[in-house]
Every structure is written in structure tokens, then in C-alpha cells.
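1 is the number of the first residue of the sequence shown in full-length UniProt numbering; add one for each residue after it. Notes for the one structure printed next.
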Amino acid sequence: MTTKPWADPLVARYAIVIDGWAMGTVGMSWRDGGEPEVFYALKSAGRGRGAATGSVRLLTNWLFDHGFSAVALETVAGNTASEKVAERAGFRPADSYLGSQGGEPVQVNRWLRHSAPLV
């Protein structure tokens, strides 16, 4: 039986704070249908500390705890830092499509992470 995990659109953004300083944001969005998507952005001073990976894991697990069975994350092809975050957070490549960034066409990779089945 499939149930609707959330009744309304879900959009939220949170600050990533390291040592009392805001170093970036992490967020999620979902509209009826499909998987919710997590996203993040870090200032250069916040990189290399595991903040993005930890934040993505935390938000993904929260979504699983609230009834979603899969979560998506998108990266621009060739952005190895974001691809590593996706991998370390447990996401696997799912597909890709032609998107845009700053008005320029870019290849976008879509990643998925599925919740672990209850044993």
C-alpha cells in the first residue's frame, strides 16, 4: 500500500553553522509526486570539514523518518566535490539530463538514496 507521506508542499532551508559561523545552507524541497530533493551550498571556508555530507545525511534521514522511501540530489556533471558528497552521503547515480546554470546548458546528474528496509 502506498501512502502519501506529506500532505502539503515541503520546502525548507537551514544554515550550516561551524564554530559559531554560518558556512552555508542545506535544504529540501518536495511537491506532490516524485522524491524530495536535498540541496546545499557552502562557502569556501566551510569546505573540507564534512559539513555538507553530514548535513545531507541528517536531512535525508529526517525525510526517511517522515515517510519518504527515496530522496534525490542533483549535481552538475564534473563537479567532483559535489559528486563526492553525494557518494559519501549514500546516494547512487540514477540518471542525467540537460539543464542550465547561469543561463548556460549543463549536464545534470541525478542521484538517489533509498531508505533501508525494516528488518
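Backbone N, C-alpha and C define an ideal beta-carbon position, used for all residues, glycine too.
Close Cβ partners of residue i (< 6 Å) along its chain, the five nearest in sequence each way excluded
| i | result |
| --- | --- |
| R31 | P9 |
Residues of its chain near residue i, where Cβ-Cβ distance is below 7 Å and the 5 sequence neighbours each way are ignored
| i | result |
| --- | --- |
| T60 | V38, V71, A89, R113 |
| I18 | G46, R49, A51 |
| L98 | P105, Q107 |
| A94 | R110, W111, L112 |
Assigned secondary structure, residue i (DSSP; H/G/I helix, E/B strand, else coil)
| i | result |
| --- | --- |
| D95 | strand |
| R113 | strand |
| F68 | coil |
| R13 | strand |
| A77 | coil |
| G54 | helix |
Residue i, buried or exposed, once every other Cβ within 10 Å from all chains shown has been counted against 16
| i | result |
| --- | --- |
| S44 | exposed |
| L42 | buried |
| V11 | exposed |
| S100 | exposed |
| T75 | buried |
| S82 | buried |
| G24 | buried |
Contact check, residue i vs residue j, beta carbons under 9 Å
| i | j | result |
| --- | --- | --- |
| L58 | V85 | no |
**Asked** Is the segment 56-66 in contact with the segment 103-111, if contact means three or more CB pairs nearer than 8 Å?
**Response** no
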